[in-house]
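Accompanying notes for the structure given below.
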Amino acid sequence: MKKFSFSLDKVLDYKQQILESVQAEHAAAIAEVQRQEEVLQEAWHGYRAYNEEFCESKKTGLLITEALFYESRLRAMEAKIQQETKQLEKLREIEEQKRSVVIEAKKETASLEKLKEKKLGLYQKAVQKSEEAFIEEFVSNSRAFTHSA
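What the sequence shown shows, in the numbering used here, is residues 1130 to 1278, in sequence order.
Take a look at the structure:
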């Protein structure tokens, strides 16, 4: 029999390339989320440290202009934290979308791979049947030859 060939091999290869591509995009999205989480964490750390400094300065006494400056800076830091939080939420949404695309691509690739396995199994059964038929024919021919001789 001829060698097994899956008629949708090119489609399967294409789907696998797409899967690899979207997996790379998803990995990049995850890296962006992690980077943004670090940025947000640093912003919170800076805010807490500056707020603590403000509280310590209040204990020792400070001018009204200094207090206003501290409060102004703290409000600016809060606005920055809100901005970074919104950016993180956007990046998480993008990552979730990429994850969905990866899942869909995996499903498509898996269904083609299962179909290929099924076709290969049928092919192997046909090969086995063909070999068994050949062996039966060979045995019956050799018996006929020994009886006629």
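A virtual CB, placed ideally from N, CA and C, is assigned to each residue, including glycine. Just so it is clear, the structure is predicted and the values come from calculations on it, not from any experiment.
Where the alpha helix (DSSP H) through residue i begins and ends
i, result
"residue 1118", "Residue 1118 lies beyond the residue range present for the chain, which begins at 1130 and ends at 1278; the question has no answer from this structure."
Spatial distance of residue i from residue j (CA atoms)
i, j, result
"residue 1141", "residue 1236", "12 Å"
"residue 1146", "residue 1133", "22 Å"
"residue 1266", "residue 1246", "30 Å"
"residue 1163", "residue 1143", "30 Å"
"residue 1227", "residue 1177", "34 Å"
"residue 1249", "residue 1275", "39 Å"
"residue 1252", "residue 1135", "10 Å"
"residue 1131", "residue 1225", "46 Å"
Exposed unless 16 or more other CB atoms sit within 10 angstroms - verdict on residue i
i, result
"residue 1174", "exposed"
"residue 1197", "exposed"
"residue 1158", "buried"
"residue 1238", "buried"
"residue 1208", "exposed"
"residue 1192", "exposed"
"residue 1234", "buried"
Whole-number beta carbon distance between residue j and residue i, since they are thought to touch under 8 Å
i, j, result
"residue 1241", "residue 1137", "6 Å"
Beta-carbon proximity check, residue i vs residue j, cutoff 8 Å
i, j, result
"residue 1231", "residue 1168", "no"
"residue 1166", "residue 1217", "yes"
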